[in-house]
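Engineer:
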Amino acid sequence: MTLADLAERCDSHVGNLSRIERDQARPSLELLYRLAQALSLSLTDIFSVAEKKQLDSEQVALNATFISLLEQDRQLLLEFAQLLQRRASQPMGSVYVNRDPLPADSARSNATESDEEQPSG
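Using full-length UniProt numbering, the letters of the sequence shown map in sequence onto residues 1 to 121.
1. Taking just the CA atoms, how far does Gln37 sit from Ala4?
2. Take the Cβ of Leu35 as the centre, count every other Cβ of all protein chains shown within 10 Å, and call the residue buried at 16 or more, exposed below.
3. Do Leu43 and Leu32 come within 9 Å of each other at the CB atom, strictly closer than that value?
4. DSSP three-state label for Leu39, please.
5. Helix, strand or coil, according to DSSP, for Arg34 in the structure here?
6. Do you know how far the Cα of Asp45 is from the Cα of Val60?
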């Protein structure tokens, strides 16, 4: 379908649709509705395409960042992404952080126990 065909179907002008297509103008809600009808789509379909376009640009940015990394950093990023993917697939109740004592905590605990064992005098 040409822009002229679409313009005729949605009662708009070719120049107007051309500016929208080139991202130089924004359509009104009324025009979006007419475009959806002319294309046998719903407004939801049109907005989901716009949302996918946003996700695609984020994917492009992620790919560009990945390519610019050193090889070992790429591997690290892949491992981190896999970790996030595993975390996202688990129910939040099953996610926990292991709180192993730090060496400094152990030293303080031992010093406190030693003080308690010695009789004061």
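C-beta atoms are modelled at their ideal positions from N, C-alpha and C, and glycine is treated no differently.
Structural biologist: On the basis of the supplied data:
1. Within the sequence shown, residue 4 is the residue found at index 4, counting from 1. Within the sequence shown, residue 37 is the residue found at index 37, counting from 1. Going by the C-alpha atoms only, they are around 16 Å apart.
2. Here residue 35 refers to the residue found at position 35 of the sequence shown. The residue in question, Leu35, is buried, as its Cβ has 16 or more Cβ neighbours within 10 Å.
3. Residue mapping note: residue 32 aligns to position 32 of the sequence shown, counting from 1. Residue mapping note: residue 43 aligns to position 43 of the sequence shown, counting from 1. Yes, Cβ-Cβ distance for Leu32 and Leu43 is below 9 Å.
4. Working through the sequence shown from its first residue, we reach residue 39 at position 39. Leu39: coil per DSSP, three-state reduction.
5. Here residue 34 is taken as the residue at index 34 of the sequence shown, counted from 1. Residue state, collapsed to three classes: helix.
6. Residue 60 sits at position 60 when you count from the first residue of the sequence shown. Residue 45 sits at position 45 when you count from the first residue of the sequence shown. Straight-line Cα distance between these residues: approximately 23 Å.
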